[in-house]
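In this note's numbering, the protein residues as written are 814 to 971.
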């Protein structure tokens, strides 16, 4: 559905036009028509992630740097995931679940030291682009490399 305001019919609280995208659901009965609203975004969504034990007293600084980089790179910043190891929950599982829920394209972290072992996890890069603030690097999503063709297995027998 596209709704346009008529010329000369603009009020201060509703100038111009807006666009709304509706998609039809398949598998609905003949006499039923079900419309489901889909949000249209003009910017990709990203999350921020940091560990409190790594950021320490610089946590607010790290959060602001993540937000600044998201803005500069043109992302719609959706959420800041803050991991505190004293709670013992698995950080990556929570981050991946939130990214899936928000349909995020990327996660921005202050640096690779905010991940276990100081390295960006490959399992995370399979799902999201991972961007570090310092050093500013992007670990782009990539598909799994194809398995090389192996010769067929032979059985030793008569």
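C-beta: ideal position from N, C-alpha, C; glycine also.
I'd like the list of long-range same chain contacts for residue i, defined as Cβ closer than 6 Å, with 5 residues on each side in sequence excluded.
| i | result |
| --- | --- |
| residue 923 | 863, 875 and 946 |
| residue 899 | none |
| residue 881 | none |
What are the residues that DSSP puts in a beta bridge with residue i?
| i | result |
| --- | --- |
| residue 950 | 945 |
| residue 937 | Partner(s): none; residue 937 has no beta bridge. |
| residue 919 | 859 and 942 |
Look at the alpha carbon of residue i and the alpha carbon of residue j, and state the distance between them as a whole number of angstroms.
| i | j | result |
| --- | --- | --- |
| residue 908 | residue 877 | 19 Å |
| residue 920 | residue 941 | 7 Å |
| residue 948 | residue 901 | 28 Å |
| residue 903 | residue 868 | 18 Å |
| residue 893 | residue 939 | 20 Å |
| residue 906 | residue 856 | 25 Å |
| residue 837 | residue 910 | Residue placement at residue 837 cannot be trusted, given a pLDDT of 49 that sits under 50; what the coordinates show is reported in the next sentence. Each residue's Cα considered, the two are about 27 Å apart. |
| residue 954 | residue 870 | 31 Å |
| residue 895 | residue 927 | 10 Å |
| residue 935 | residue 929 | 12 Å |
| residue 879 | residue 950 | 13 Å |
| residue 937 | residue 885 | 23 Å |
Note down, in chain order, each residue of its chain lying with its Cβ closer than 7 Å to the Cβ of residue i, except the 5 sequence neighbours on either side.
| i | result |
| --- | --- |
| residue 933 | 925, 943 and 952 |
Sorted by chain position, which residues of the same chain lie with C-beta nearer than 8 Å to residue i's C-beta, five sequence neighbours on each side aside?
| i | result |
| --- | --- |
| residue 897 | 864, 865 and 866 |
| residue 820 | In this prediction, residue 820 scores a pLDDT of 46, lower than 50, which makes its location untrustworthy; the coordinate-derived value is nonetheless stated afterwards. There are no such residues. |
| residue 931 | 925 |
Assuming residue i and residue j are in contact, meaning their beta carbons sit under 8 Å apart, how far apart are those beta carbons, in whole angstroms?
| i | j | result |
| --- | --- | --- |
| residue 915 | residue 860 | 7 Å |
| residue 858 | residue 888 | 7 Å |
| residue 917 | residue 891 | 6 Å |
Let's see if you can read the secondary structure: which residues bound the alpha helix (DSSP H) around residue i?
| i | result |
| --- | --- |
| residue 910 | 904 to 915 |
| residue 889 | No alpha helix (DSSP H) contains residue 889, which is instead part of the beta strand (DSSP E) from 889 to 896. |
| residue 899 | Note, residue 899: premise wrong, no alpha helix (DSSP H); not H, not E. |
| residue 873 | 872 to 885 |
Where does the unbroken beta strand (DSSP E) through residue i begin, and where does it stop?
| i | result |
| --- | --- |
| residue 860 | 858 to 864 |
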